[in-house]
Structures are given as C-alpha cells and as structure tokens.
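Colleague: Sharing a structure below in structure tokens format, with a few things to ask.
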Amino acid sequence: MPKNKKPRGGRPSANFEPRYGAKKTSFHDRHNGGPARDGARDERGGRADAGDRRTAPAAGGYDRRPGSRSAGHRGYRPAEAESGAPKQRWGASERAGRDEARGIRNRAESGRREAPHHRNDERSERPRFNDRPTAGGRFGDRPRRDDRGGQRPTGPGTYRDERGGDRPRFERDGRARRDDRGAGTQRQGFRDNDHRDGGRPGRDDRRGAERPRFGNDRGAERARFDRDERPRRDDRAGDRTRSNDRGAARPERSFDADRARRAFDRDRTQRSYEGGRDERSRPSTGGAYRTERPRPLTSDTRGRPARNERPSRNDWNATSRPASTGAKFAPGDDVVHERLEAKSVAAVEVDGVTFGDLGLGSNIVETLVGMGAATPFPIQAASIPAVLAGRDVLARGRTGSGKTIAFGAPLVERVLQSQAGKRREFGRSPRAIILAPTRELALQIDRTIQPIARSVGLFTTQIYGGVPQGRQVGALKKGVDIVIGTPGRVEDLINQGKLDLSDCRIAVLDEADHMCELGFVEPVQRILRHTADGSQKLLFSATLDREVAALVDEFLVDPAVYEVAGEDQDSSTIEHRVLVIEHRDKADILTSLVDRDGKTLVFARTRAYADMLAEQFDDAGIPAVSLHGDLNQAKRTRNLERLTSGRVNVLVATDVAARGIHVDDIDLVVQADAPDEYKTYLHRSGRTGRAGRSGRVVTLITRQRQRRMTELLDRAEIDAPFENARLDDDVIEEIAGRVPTAADLTA
DNA sequence: AAAAAAG
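Next comes the structure, spelled out in structure tokens:
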C-alpha cells in the first residue's frame, strides 16, 4: 500500500516545516476577495499568474481542478464559495512554498518602497560587484578562468583601509606580486596566464607538469617527525581550558585569550624544530589577528599504504616546510592529495576586536551579538577580513570553533555590498551558494545564516533532497540571495533550469575536505562551474587537508589559508577513552554505556547496525532513535530533533551525523564501531565538547584492533588511554557517569 | 560503508 504522502495526522511534519505550519493566506485570498479553492480558481488564477513568475511553477499542474465543471456532476464544486477540503497531498507544501515566496516578495517590495531599514548607509557607498553581462552563455561555453576579466570586486572599503597594511604580509614569500596589481584586478592578475601561476613561486612546483610526484619517500619521515614533534598532552593536562564554541553560551573572552596565548606558546614549541626559520617574532599588527610568516604548504602525492596517512595536523603550517626540511606530505596512496600550498596565517585573538572592526556592518554585528557571538573567535577574526576582501579562503578551525559564522557573516556582508543601491528584484538569481555534505547540516547552516541575512534584508533558501522540490523552486522563483544546500538537489535544479548560478559570486564549501571525497567532488565541481566566472570560493572544514587540492587547483586563485594556531585536540575539552572489549560483550556494554542521564550520541558504521542498536536500546528501556540515510527525511529531521529537544537522550547514527551537526549538550559520544579514518574520529568526537562544555568520547574496539586504533589516534593527535573492560567493570559505570571518575573526585 | 536527486 503506497504510503500516503500526507504525513500521518499531518503532525510529524510540523517538525520538519515549522515555518510553514501556520495558517496560510493565499495570494488570491487577499487579492481576489475571499478564499478560493486552489482548483476552483483555476481559470482566473491561471490567467492572472500567466505572466507572473511569482507563482510556483508546479502550481498549474495539480492545481487543475479535478472533476467536472458543471454543477450537475460529481466532483463539481462552485468556484468561489467553497473552502472544502482540498487535496492536501501536494497542496500543502506547494502552498507553503508559494506563501513563503509571496512573503518574501512582499517584504522585499515593501522594503524597497520604504527605505530599507537595514540598509546602512555607509555601506551603500562601498564598492560593489560590477554589473556583469547577464547569463549569456554561462553554461558550457563559459570562458575558462583565464578569460575572466576584472570583474572582481575590489575589496571593501573601510576595514580594508585600516587593515590593508597587514595583508601583503601573507604574501611575503614572493607573493607580494599581488600588490603590484591594481586592487580591482587582483584576481584577474592571477589567471592571465597558463594556470595563473606564471612566475609565482610556490605555485610552480605544485602545478608541475600537471602532477609531478615529488618528494616521494619523504613522507614517512615527515609523518614521524610530526608525531614526535607533538607535545605530550600530559604536559598541559593541568591547564586545559574549556573549548569554546559558537553556541549560545559563549565563553568568556578572558579565557579565550588565555587559550590563544597558550596556544601560541605551544605552537612555538611545536615548531621549534624549524629553527631559525621560525623566529616567530610575531610583531603585533594591531589588528584582530596577526599574520604569521607565510608558509608555503606544499605537499604532493606519493604512495603509501596507510589510508589514514595525513600530513599531520600540526600541519599545514608546521610541517609543510619543504624548503627547509625537504619533507613532503605523504597522503594516502589511493587518494591524490595534491599539495595545497599557500601561505598560511595563524589567527590570534586580540582583545577588543569586534566584528565591526573586521568590517561587518552594524546590523550584522547586532544580529551576531543577539546570537551570542559578541566577539569574534580566532577563525572568524582571521577569515572575515579576507572574505570581505574578496579573496578565496581555505580555513580550518576545530569542530565547534565558529566556522559557520566565519564564512556566513562576511558572505552576507558581501552579498549586501554587491547589491547596494540595487533593488532586490523579483526572481533574481542567487548571489551566493553554500554547499554542505548532509541535509541536516545544510539546515543547520541556514538556521545560523538566515537571521544574519534577514537582518540586512537578504533571503536564503535551502535546496536539498528528500523533500518535494516545489517549495524550493517556489522560493527561487521569487528570488533569493543565498542558497544553502546539498549537491544532489542543487545540481538537479540546475539541470532542470530552475536554479541559475550564473550570478553567484560566492561559493562556500563547508566540510570541504569531505566534499572532495570520491563521489562527492564531481557534482561539486560541476556545480562550481556553474557559478559566475571568477566567483569567490571559500573552503572550510575542521580537517582541511590536501584532499581539497582538486578543487583548489581548478577553482581557487591565490587562496588565503587560515588556521588557528594551537587549536588542536590538546586544548580541547574532550576526554577520549578506548575500551578494549570482547566482542560478545559489545551489545551489553553499549546498552550499559547509554543507560545514563546526559545526551549520548552513538556512532555505528552501517545503517542497519544503527537501527539495530537503537532498537536494542529501546528494548532495554532506554528510549533511542536512529539517524541514517535509510530513513526518509522527515524521520531524519524528527529523530534529530528528538535528541535536540531532549525527548530522547540517545541517538544512534551513521556518519551522516559525524560532521557539523550541533546539538548543545551531548556529553558522551560512543563509537560502537571504530572509525576507519582519523578525520572521521575527529568529526565524530567533535559532536561533544561544544560550547565550552566538557565531553567524553569512548571508542569500543576488540583486541585485534588495538594497533590500528593506536595509529589512528596518533594521526588524530589524540591521547586516549586503552582500558580493558568487561561488562560490569567500573570503567563503564564511570564513563556513563553513574559513578564519579577519579578525576571528578580529585576535582 | 556512508553520503548526495528523483513531481
């Protein structure tokens, strides 16, 4: 029996479409006097809408009234009077889409009429995107980047003046070339030759012959190097501070600063092997961040069996020092991790810097404050000015370090600038797109960015799969400024001609390294190719590595690379433990672990196992739900919401929930199956310890797996004790929090 | 193995 499309009782969908649940007033209700059934007004409505792009396209199709038009027949309904139950099936979302879009339009229009409150004046003075010729031939025959002309916006004004002095510093190692060029053509300059690197040092080697494999065997050396270099966690155990996060509860600045300071020190020690090359004099720039000397990030490909091999997180900066050490990264054999060389900047938080100082307009700043982000986190302080300046940016910030705002806020600012003085036209195509690997993440990003965008009169919409596209298309028809979505549906709509990215000047990839994995890159690449020529690209992730090279090569021009010094696991608030167990005890131990008070997130490797575990917990009297790709979107959303709202305390998920998902108070992450990749470990464990809270991560493994696990943790730079455990061992009680830990007692 | 499109 084909499940009714209508959600049971119509209620569950409330979670899913909260914004549209309310009563709907149709356009025609308001303008044609009195409610008219969708179908009934077919004739008139159809005509009225004919030239009106505001109407959802799909409307016509099923709007057509069923049944007869003459009174004597079954199914006939009088045109005006009747408000009887319409066919809800498609209607609900469709209408919702229309209504929302209508709202968007109305607001936009009224905003236009009555001098937009949000437009802040000084801002309209700023440079804006040049008008570009409309779409003409953007697909397929779109010129290669070489042809892209100086359409690039010049950087913004104000902060740039103040900060302009800092900027060139990034480019010290031969990159200062940039300064020779007119600011307005900064990007053009880089692409006017074969592969935009002409004589730029540091680029040559990486470009080399379309992929020379260089420095092959040095990888091993490097990896070891890095590991040894890493300071022991114990050294610092005592003064670990709580990590910070974007969430509601923003940690005090003081501690942030403290952390940053220590981070720097640590950083220094870490890199001390670099000797003279790394004097770290760190002259103050007087700005929000200080620029480290440029660090060419060079890596290359070489074969190594270890799939997890990574260039070490200390990393980009510390380890990529080909010039001095000759060492090269040694990424996995099977993955072509190209060099991702670029100068890198370590951001340091400086007291007193505000979002406003970074170049954001007052409305945005206020909104941020309202969201609990009073002052910028390091990653934000570093990347915001660069984004505003129109640069391509690669940024790595630990899980929960505020990446969404780091790209979202300046993105909004920039879109706003690009539209300053223009009216937001009806049906305009989006100016920016943000891509995320999962639907939940796309939703979450929208939740953060939408208020920021709205505060300046811009509109966002989500474009992701698993839900009817009508509403999304409807919103696009009205015109949105910022699209947030997942690759599949985005590409789908592009191909359907319903999403036009030709005017999209900023593209963001969240979880960029993940988006660059096999199977993900291709659609992403295709999507990016649809964006405006020379569009600005921002790549963010907690584990950004050379995996993004494929994209960087094709799409980024002289990217600024940022990471926050000292932002490693050692300074985090997460406690990691590994339980070595007998396989036969696994189920019971898991049940025992999740039988607790706080919120627990359990990761399983497969969907089936996730389901199984959720059921198992449920059967044991512990309410649990699952989250994985086998569930329909409504269930996914609902189940996640159940955890968020606290209706259940246990969520069993596949890696769909590993990245980005923010639930405030998960205090225990259980890995029922150990991850295969260190990055996965980092992302999974990053679901806890957010917002400065403490968190605990426990991984169950069998004895046979110990070695692999050791290696993985090593790469993740995490120190975790391995403990043998049986079903009723105290460790389990302790981890579950049913008995105080030794640490708790001493504390 | 998982994720990402299917009115």
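If you're matching positions, the first sequence starts at 765 in this note's numbering and goes up one per residue. Just so you know, even glycine gets a beta-carbon here, dropped at the ideal spot from N, CA and C.
So who's on the other strand from Thr1307, going by DSSP bridges?
Modeller: Counting from one through the first sequence, the residue named residue 1307 turns up at place 543. DSSP output for Thr1307 lists no bridge partner at all.
Colleague: Under the three-state reduction of DSSP, which class applies to Val1220: helix, strand or coil?
Modeller: In the first sequence, counting from the first residue as 1, residue 1220 sits at position 456. Of the three classes helix, strand and coil, the one that applies to Val1220 here is coil, per DSSP.
Colleague: Quick one, are the C-beta atoms of Val1433 and Leu1365 less than 8 Å apart?
Modeller: The residue labelled residue 1433 in the question sits at position 669 within the first sequence. The residue labelled residue 1365 in the question sits at position 601 within the first sequence. Yes; because the gap between Cβ atoms is below 8 Å, this pair is in contact.
Colleague: Which partner residues of His1340 appear in the DSSP bridge assignment?
Modeller: Taking the first sequence and counting its residues from 1, one reaches residue 1340 at position 576. His1340 is bridged to Val1461.
Colleague: For Gly1243, which beta-bridge partners are listed by DSSP?
Modeller: Reading the first sequence from its first residue, position 479 is the one you call residue 1243. In the DSSP assignment, Gly1243 forms a beta bridge with Arg1192.
Colleague: Judging by CA-CA distance, which residue of Ile1338, Asp1359, Val1179 and Val1316 is the nearest neighbour of Asp1382?
Modeller: Indexing the first sequence from 1 puts residue 1382 at position 618. Measuring from the Cα of Asp1382, the nearest candidate turns out to be Asp1359.
Colleague: Can you round the beta-carbon distance between Thr1408 and Val1427 to whole angstroms, since I take them to be within the 8 Å contact cut?
Modeller: As a working note, residue 1408 is residue 644 in the first sequence. As a working note, residue 1427 is residue 663 in the first sequence. Yes, they are in contact, since the Cβ atoms of Thr1408 and Val1427 sit about 5 Å apart, within 8 Å.
Colleague: Give me the Cβ distance between Thr1163 and Leu1446, rounded to the nearest whole Å; I'm assuming they're in contact under 8 Å.
Modeller: Taking the first sequence and counting its residues from 1, one reaches residue 1163 at position 399. Taking the first sequence and counting its residues from 1, one reaches residue 1446 at position 682. Indeed they touch by this definition, with Cβ atoms about 7 Å apart.
Colleague: At what residues does the alpha helix (DSSP H) containing Thr1364 begin and finish?
Modeller: Walking along the first sequence from the start, residue 1364 turns up at place 600. For Thr1364, no alpha helix (DSSP H) segment is defined; the enclosing uninterrupted segment is the beta strand (DSSP E) at Lys1363 to Phe1367.
Colleague: Can you tell me the Cα-Cα spacing of His1243 and Gly1172, whole angstroms?
Modeller: Along the first sequence, read from residue 1 onward, the residue named residue 1243 stands at position 479. Along the first sequence, read from residue 1 onward, the residue named residue 1172 stands at position 408. Strictly speaking, residue 1243 in this sequence is Gly, with His absent from that position. For Gly1243 and Gly1172, the distance between alpha carbons rounds to 19 Å.
Colleague: Considering only residues of the same chain and omitting the five flanking positions on each side of Ala1378, which have a CB-CB separation below 7 Å?
Modeller: Your numbering for residue 1378 matches position 614 in the first sequence. Counting only Cβ-Cβ distances below 7 Å, and skipping sequence neighbours, we find Ala1388, Val1389, Ser1390 and Val1416.
Colleague: Starting from Thr1466, follow its DSSP beta bridges and name the residues at the other end.
Modeller: For the purposes of this step, residue 1466 is taken as residue 702 along the first sequence, with counting starting at 1. Beta-bridge partners of Thr1466 (DSSP): Ile1345.
Colleague: Looking at the unbroken beta strand (DSSP E) that takes in Asp1429, where does it start and where does it end?
Modeller: Your numbering for residue 1429 matches position 665 in the first sequence. Careful: Asp1429 lies outside any beta strand (DSSP E) and carries neither H nor E.
Colleague: Rounded to whole angstroms, what's the CA-CA distance from Thr1212 to Ala1500? Just pull it up for me.
Modeller: For the purposes of this step, residue 1212 is taken as residue 448 along the first sequence, with counting starting at 1. For the purposes of this step, residue 1500 is taken as residue 736 along the first sequence, with counting starting at 1. Distance between the alpha carbons of Thr1212 and Ala1500: 32 Å.
Colleague: Between Leu1222 and the rest of its own chain, which residues show a CB-CB distance below 7 Å, the 5 nearest in sequence each way excluded?
Modeller: In the first sequence, residue 1222 corresponds to position 458, counting from 1. Taken in chain order, the residues that qualify are Val1176, Val1179, Leu1180, Asp1245 and Ile1246.
Colleague: Output the distance between the C-alpha atoms of Pro1140 and Arg1467, rounded to the nearest integer angstrom.
Modeller: Taking the first residue of the first sequence as position 1, residue 1140 is located at position 376. Taking the first residue of the first sequence as position 1, residue 1467 is located at position 703. Taking the straight line joining both Cα atoms gives about 44 Å.
Colleague: Taking contact to mean 3 or more Cβ pairs, one atom from each stretch, closer than 8 Å, check whether the region 1345-1355 and the region 1485-1503 are in contact.
Modeller: yes
Colleague: For Asn1413, name the three-state secondary structure that DSSP assigns.
Modeller: Position 649 of the first sequence, counting from 1, holds the residue named residue 1413. Coil.
Colleague: Taking the Cβ atom as the reference point for each residue, do Ser1449 and His1340 lie within a distance shorter than 8 Å?
Modeller: Stepping through the first sequence from its first residue, residue 1449 is reached at position 685. Stepping through the first sequence from its first residue, residue 1340 is reached at position 576. Taking 8 Å as the Cβ cut-off, Ser1449 and His1340 qualify as a contacting pair.
Colleague: Is the Cβ-Cβ distance between Ala1196 and Arg1269 less than 8 Å?
Modeller: Walking along the first sequence from the start, residue 1196 turns up at place 432. Walking along the first sequence from the start, residue 1269 turns up at place 505. Yes, the pair counts as a contact, with Cβ atoms nearer than the cut-off.
Colleague: Can you name the start and end residues of the alpha helix (DSSP H) that Asn1396 belongs to?
Modeller: Counting from 1 along the first sequence, the entry for residue 1396 is found at position 632. Looking at the DSSP string, Asn1396 is not in any alpha helix (DSSP H), and its letter there is neither H nor E.
Colleague: Could you give the DSSP three-state label for Arg964: helix, strand or coil?
Modeller: Counting from 1 along the first sequence, the entry for residue 964 is found at position 200. In this predicted model, Arg964 has a pLDDT of only 34, less than 50, meaning its place in the structure is not dependable enough to derive any value.
Colleague: For Gln1300 versus Asp1156, is the C-beta spacing smaller than 8 Å?
Modeller: Here residue 1300 refers to the residue found at position 536 when the first sequence is read from its first residue. Here residue 1156 refers to the residue found at position 392 when the first sequence is read from its first residue. Yes, the Cβ-Cβ distance between Gln1300 and Asp1156 is below 8 Å.
Colleague: Can you tell me where the alpha helix (DSSP H) holding Arg1269 begins and where it ends?
Modeller: To locate residue 1269, count along the first sequence from 1; it is residue 505. Careful: Arg1269 lies outside any alpha helix (DSSP H) and carries neither H nor E.
Colleague: Do you know offhand how far Glu1130's Cα is from Lys1167's?
Modeller: Mapped onto the first sequence, residue 1130 falls at position 366. Mapped onto the first sequence, residue 1167 falls at position 403. For Glu1130 and Lys1167, the gap between their C-alpha atoms comes out near 18 Å.
Colleague: Measuring alpha carbon to alpha carbon, tell me which residue in Leu1240, Val1151, Ala1329 and Arg1400 is nearest Leu1303.
Modeller: Indexing the first sequence from 1 puts residue 1303 at position 539. Measuring from the Cα of Leu1303, the nearest candidate turns out to be Val1151.
Colleague: Between Gly1424, Leu1476 and Asp1429, which lies nearest to Val1414 when the distance is taken from Cα to Cα?
Modeller: The residue you call residue 1414 lines up with position 650 of the first sequence. Val1414 has its Cα closest to that of Asp1429, out of Gly1424, Leu1476 and Asp1429.
Colleague: By how many angstroms is the C-alpha of Leu1404 removed from the C-alpha of Lys1363?
Modeller: Numbered from its first residue, the first sequence carries residue 1363 at position 599. Numbered from its first residue, the first sequence carries residue 1404 at position 640. Lys1363 and Leu1404: Cα-Cα distance of roughly 12 Å.
Colleague: Taking only three categories from DSSP, how would you classify Ile1386?
Modeller: Translated into the one-based positions of the first sequence, residue 1386 becomes position 622. Ile1386 falls in the coil class under three-state DSSP.
Colleague: Taking the C-alpha atoms as reference points, what is the distance between Arg997 and Ala1484?
Modeller: Here the question's residue 997 lines up with position 233 in the first sequence. Here the question's residue 1484 lines up with position 720 in the first sequence. With a pLDDT of 36 at Arg997, under the threshold of 50, the modelled position of that residue is not reliable, and the figure given next carries that caveat. Looking at the two C-alpha atoms, the distance is approximately 10 Å.
Colleague: For Asp757, does the count of other Cβ atoms within 10 angstroms reach 16, so buried, or fall short, so exposed?
Modeller: No information on residue 757 is available, as it lies outside the stretch 765 to 1511 that the chain covers here.
Colleague: Less than 8 Å separating the beta-carbons of Arg1160 and Glu1327?
Modeller: Counted from its first residue, the first sequence places residue 1160 at position 396. Counted from its first residue, the first sequence places residue 1327 at position 563. Arg1160 places its beta carbon less than 8 Å from that of Glu1327.
Colleague: I need the DSSP call for Ala1324, collapsed to helix, strand or coil.
Modeller: The residue given as residue 1324 occupies position 560 in the first sequence. In the structure shown, Ala1324 sits in a strand (DSSP, three-state: E or B).
Colleague: Which whole-angstrom value is the C-beta distance of His1278 and Arg1423, which I expect to be below 8 Å?
Modeller: In the first sequence, residue 1278 corresponds to position 514, counting from 1. In the first sequence, residue 1423 corresponds to position 659, counting from 1. Between Arg1423 and His1278 the Cβ distance is about 6 Å, and since that is below 8 Å, they are a contact.
Colleague: Between the alpha carbons of Glu1286 and Thr1295, how many angstroms are there, rounded?
Modeller: Sequence index remark: in the first sequence, residue 1286 carries index 522 (1-based). Sequence index remark: in the first sequence, residue 1295 carries index 531 (1-based). So the alpha carbons of these two residues sit roughly 15 Å apart.
Colleague: Report the residue from Phe1190, Ile1386 and Val1288 whose alpha carbon sits nearest the alpha carbon of Val1316.
Modeller: Within the first sequence, the letter at position 552 stands for residue 1316. Residue Val1288 is the option with its Cα nearest to Val1316.
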